[in-house]
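Chains as they are written, first to last, in my numbering: chain A, 65 to 186; chain B, 96 to 837; chain C, 109 to 278.
Heads up, the beta-carbon is just placed ideally off N, CA and C, and yes, glycines get one too.
None of these values were measured; they are calculated from a predicted model.
Each remark here refers to the structure printed beneath this line.
Put into structure tokens, the structure is as follows:
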């Protein structure tokens with residue numbers, strides 16, 4: 065059974081690219097459009113093993129989303145990677161504060177993306 | 096990256112929506128709405144454009160979006176007050192961003208220095224947002240690049256793998272010999288690694304890091320368990336282990352550090368090059384328990400497993416429902432945003448060739464008509480027994496066809512809002528440039544027009560507004576001297592009328608200077624020096640090709656602004672343009688455009704054996720003439736007395752020479768309509784047959800203009816019905832407008 | 109006559125002299141007279157359906173009909189020759205023609221034939237003074253001792269004031 069990854073991004077372009085890359089690597093992909101949607105999808109799909117989330121999203125941003133996910137005992141230790149266009153330290157620090165495991169700097173290279181996932185996926 | 100090129104179309108489609116959201120948000124802020132309810136969406140829009148652009152290597156777009164976004168972020172954080180001047184720059188930046196997206200989409204090279212002026216302004220804002228800083232822009236990674244003219248081809252691929260070296264500052268590493276700066280080390284590295292509890296709380300996992308290290312070369316791991324407490328005091332998410340890892344590899348040190356990228360702040364980490372001959376592994380601070388490739392049962396992962404399996408560590412309410420309940424509690428930021436989101440969600444679609452849609456539209460129209468014919472054929476059959484099911488099925492089919500038709504029509508129709516939306520900014524820009532003050536008032540933005548019409552309206556409207564600001568609106572001083580408010584008003588409206596769309600642009604400026612227009616026309620050889628022209632004819636000269644002069648070239652577009660362009664554009668759409676001007680009071684330019692595919696509410700009326708449609712939007716009321724409320728006017732025509740108002744009436748049967756129409760006025764119905772200019776007209780018909788939404792079809796396409804008729808439609812029985820142009824019906828009394836060809 | 113072929117029905121022709129450039133025409137009748145129209149301009153032939161009258165239209169314009177979602181005018185050819193209006197019956201036929209960018213229907217009594225005609229069989233009518241019907245016939249075809257007038261659709265349109273759009277657009 066392929067491992068399931070949840071992607072949360074308000075941009076369809078990014079969602080499509082993630083889906084393309086991850087599905088191509090044999091993962092099964094669940095998609096959400098913002099933090100609220102992400103929590104909903106997560107509740108419906110508890111077998112998610114890695115979460116990739118954008119930071120800037122409507123309704124609920126990535127930081128808040130991560131905080132909520134970390135409160136869920138089921139996903140207390142699910143690796144969460146944030147997608148960020150900034151390599152700036154402050155964004156990473158905030159993401160880490162919220163409980164993010166690591167980050168992926170956009171634009172991402174398909175191979176690098178998979179490298180990073182391997183780094184956090186048991 | 097080549098893999099992602101398939102997503103470009105999605106990206107540009109998304110950009111369109113994002114840019115519209117951005118625009119709408121900026122306009123709302125400009126309109127005085129609360130900043131906080133819009134700035135997030137604006138920021139996100141620009142941010143998403145940047146994110147997507149990066150994936151495709153649109154470097155200039157990324158760079159500009161980055162600067163733009165930085166300023167938006169400052170506004171968002173409250174560091175920068177979005178005053179009028181700031182908004183102005185943001186709007187301009189929005190324009191530049193829009194252009195850059197367009198250029199990227201069409202693969203056009205970005206001209207050197209394009210948008211630099213705006214970028215410089217953004218940069219100033221950024222400094223202001225930093226509290227009038229000293230010019231340093233520490234957040235600004237692109238800054239130094241920004242102002243260097245670089246040919247697009249010279250830029251490094253945005254998708255390039257190598258991060259800029261400065262991205263690693265702030266991370267403490269042991270001083271390394273010269274060979275460590277990216278050069279392969281002869282033997283390898285010694286990594287001292289002591290995770291802190293935070294590392295586990297963020298779901299990082301030493302085992303996985305070691306696995307990564309092992310990909311780089313031969314790894315030897317030594318674990319120090321001396322800090323491990325007794326089990327009875329062991330914390331589930333505590334971190335008690337330290338490792339020393341020797342990696343024999345010729346990889347650059349960066350690669351080793353990269354493995355620990357996510358955890359460098361959650362651990363004590365030291366990376367040192369191994370000595371040429373490291374000898375036996377040096378004793379770690381405490382005696383090693385193991386010095387072999389990592390065992391599967393390393394204690395740390397076990398600790399983590401405990402953390403996951405022991406919710407006791409933290410009292411948690413009922414498990415699964417919590418995220419859902421949480422999500423339900425989070426309301427959208429404001430209803431406007433929710434709506435915009437809905438719109439955006441509705442707007443994410445596929446691109447379809449318009450011809451295909453048209454084919455569907457026509458076919459569905461045929462289907463509906465066939466349906467109506469079937470229903471008529473069914474009419475005579477008994478509704479019970481074996482025909483009952485047939486008749487009910489037919490009824491359902493009819494319903495579905497109707498819905499199908501509506502859905503299909505909705506595909507092509509589009510509110511003019513998308514075009515109108517761009518105009519306020521134009522007015523502001525022009526006001527700034529000309530030193531005039533003007534305000535734009537819009538009306539009827541929701542009026543739906545065929546998509547092709549909407550798209551082709553932007554150019555003429557832009558020209559018209561520019562003309563109004565250049566020539567119509569006076570300077571504040573002139574206006575005050577003329578006893579007008581300092582600020583001029585440009586009014587733009589759209590409405591359906593008689594199956595056409597009328598777009599009007601009115602300014603309260605000085606009106607057309609007929610003497611000057613006349614002189615210019617003579618100079619240009621457009622009219623003879625002794626030509627005798629009416630005021631209307633003189634005004635119409637501004638639409639003559641070649642009338643525009645160099646003095647009207649705008650520095651916004653750099654293009655000549657000719658009203659002849661407006662006229663040509665409108666003609667291309669099958670419409671016409673007229674101007675009315677009152678010296679000292681202002682001008683109104685009206686565009687009358689056909690709506691080949693618009694849907695309209697119509698009142699079906701009859702006169703004799705003929706049936707016509709009166710657009711509901713024109714109708715004020717319908718009434719039966721009673722004794723006394725219709726009287727003979729002086730010129731022999733009749734007038735209707737409507738609550739003290741004298742309304743001229745026209746018999747449709749006379750205007751259209753229809754035989755066998757009702758003669759006695761008392762047997763007729765008067766449809767009171769509002770005509771151009773706001774005056775009323777009573778149209779006398781035989782009967783009202785009902786209301787119906789009709790699909791407007793062009794009659795000009797294959798026939799020509801019919802005075803008094805704006806368009807046509809196809810009724811349920813397949814017959815064509817004509818839609819009245821009430822303005823023309825109103826003026827049909829004048830012989831010049833009648834076309835009697837007998 | 110020589111190599112002029114007439115066919116029953118609407119079948120394509122065969123047997124035309126391949127060396128001479130030939131053209132196909134649809135022939136139809138107005139009363140006793142026979143006319144032809146270039147087959148390339150004909151889109152379809154339909155039975156008569158009721159039209160919607162156009163106010164103040166020229167007499168020969170019978171009105172407009174719905175042709176699969178497009179609205180097209182129908183012209184009474186007899187009336188545009190300056191004669192009386194046709195008394196229509198279900199047997200009458202409307203030839204849908206395309207002229208330039210326009211589509212229009214022409215009411216005729218009946219469609220009779222398809223002719224394949226070589227260039228040499230077409231005879232110009234000299235530019236003498238023409239009125240009514242003759243003004244719309246630019247050439248004639250001689251077929252089996254009959255003269256068939258080739259209808260000039262352009263002239264028909266201009267004479268019928270169907271070109272109004274071009275004039276009105278200011």
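query, result
"Just tell me which of 760(B), 600(B) and 581(B) has its CA closest to the CA of residue 840(B).", "In the structure as shown, chain B starts at 96 and stops at 837, and residue 840(B) therefore has no counterpart that could be examined."
"Whole angstroms are fine: how far does the CA of residue 144(C) sit from the CA of residue 134(C)?", "5 Å"
"Helix, strand or coil: which one does DSSP assign to residue 174(C)?", "strand"
"Pull up the CB-CB distance for residue 531(B) and residue 557(B), whole angstroms please, since I reckon it's below 8 Å.", "The pair is not a contact, with the Cβ atoms about 17 Å apart (cut-off 8 Å)."
"Kindly list, in the order they appear in chain B, the residues whose Cβ is closer than 9 Å to that of residue 90(A).", "Going along chain B, no residue has its Cβ under 9 Å from residue 90(A), so there is no contact; the nearest lies around 16 Å."
"Please report the straight-line C-alpha distance between residue 710(B) and residue 495(B), rounded to a whole angstrom.", "26 Å"
"One question on the structure: do residue 173(C) and residue 159(C) come within less than 9 Å of each other, judged by their Cβ atoms?", "yes"
"Spatial neighbours of residue 120(B) within its chain, please: C-beta separation below 6 Å, excluding the five flanking residues on both sides.", "133, 136 and 137"
"Measuring CA to CA, which of 206(C), 188(C) and 214(C) is closest to residue 200(C)?", "214(C)"
"From residue 650(B) to residue 168(B), what distance separates their C-alpha atoms?", "Confidence at residue 650(B) is low in this model, with a pLDDT of 41, below 50, so its placement is unreliable and the value that follows should be read with caution. Near 31 Å, if we compare the C-alpha coordinates of residue 168(B) and residue 650(B)."
"Give me, in chain order, the residues of the same chain whose beta-carbon lies closer than 7 Å to that of residue 400(B); leave out the 5 immediate sequence neighbours on both sides.", "At residue 400(B), the pLDDT of 38 sits below 50, so the modelled position is not reliable; the number obtained from the coordinates is stated separately. Hits under 7 Å: none found."
"Are residue 511(B) and residue 544(B) touching if we call contact CB-CB under 9 Å?", "yes"
"Between 227(C), 169(C) and 182(C), which has its C-alpha nearest residue 353(C)'s C-alpha?", "Residue numbering for chain C in the displayed model covers 109 to 278; residue 353(C) lies beyond these limits and cannot be assessed."
"My assumption, with CB atoms under 8 Å, is that residue 293(B) sits in contact with residue 354(B). Please give the rounded CB distance.", "That pair is no contact at about 18 Å."
"Against chain C, which members of the stretch 702 to 720 of chain B pass a CB distance test of less than 7 Å?", "705"
"Between residue 597(B) and chain C, is the shortest Cβ-Cβ distance under 9 Å, so that the two count as touching?", "no"
"If you measure between the beta carbons of residue 725(B) and residue 686(B), is that distance less than 9 Å?", "no"
"What's the C-alpha gap between residue 117(B) and residue 305(B)?", "45 Å"
"Can you tell me which of the three DSSP states residue 239(B) falls into?", "With a pLDDT of only 35 at residue 239(B), under the threshold of 50, the placement of this residue in the model should not be trusted; the figure read from the coordinates follows. Of the three classes helix, strand and coil, the one that applies to residue 239(B) here is helix, per DSSP."
"Among 559(B), 529(B) and 509(B), which has the Cα closest to the Cα of residue 539(B)?", "509(B)"
"To the nearest angstrom, how far is it from the Cα of residue 622(B) to the Cα of residue 610(B)?", "13 Å"
"Are the beta-carbon atoms belonging to residue 177(A) and residue 78(A) less than 9 Å from one another?", "no"
"Flag this pair as yes or no: are the beta carbons of residue 134(A) and residue 144(A) separated by less than 9 Å?", "yes"
"Please compile the residues from chain C whose C-beta is within a distance smaller than 8 Å of the C-beta of residue 72(B).", "Since the first and last residues shown for chain B are 96 and 837, residue 72(B) lies out of range."
"In angstroms, rounded to a whole number, what distance separates the CA positions of residue 826(B) and residue 233(C)?", "45 Å"
"Within the continuous beta strand (DSSP E) that includes residue 671(B), where are the two ends?", "671 to 677"
"If residue 819(B) and residue 801(B) are in contact, beta carbons under 8 Å, what's the gap, nearest whole angstrom?", "About 10 Å separates the two Cβ atoms, so there is no contact after all."
"Quick one: is residue 243(C) near chain B, going by C-beta distance under 9 Å?", "no"
"If you drop the 5 nearest sequence neighbours on each side, which residues of the same chain put their C-beta closer than 7 Å to that of residue 205(B)?", "155, 195, 198 and 247"
"From which residue to which residue does the beta strand (DSSP E) around residue 137(C) run?", "130 to 138"
"With distance defined between alpha-carbon atoms, name the residue in 583(B), 815(B), 201(B) and 192(B) nearest to residue 214(B).", "192(B)"
"Please list the residues of the stretch 791 to 806 of chain B that have a C-beta atom closer than 8 Å to any C-beta atom in chain C, keeping them in chain order.", "792, 793, 794, 795, 796, 797, 798, 799, 800, 801, 802, 803 and 804"
"Quick check on DSSP: helix, strand or coil for residue 309(B)?", "helix"
"According to DSSP, is residue 183(A) helix, strand or coil?", "helix"
"Kindly list the residues whose CB is nearer than 6 Å to the CB of residue 237(C), restricted to its own chain and excluding five residues on each side of it in sequence; keep chain order.", "Because residue 237(C) sits at a pLDDT of 49, beneath the cut-off of 50, its placement in the model cannot be relied upon, and the following sentence gives the value as read from the coordinates. Closer than 6 Å at Cβ, skipping near neighbours: no residue."
"Please tell me whether residue 319(B) and residue 339(B) are closer than 9 Å, where the distance is taken between their beta carbons.", "yes"
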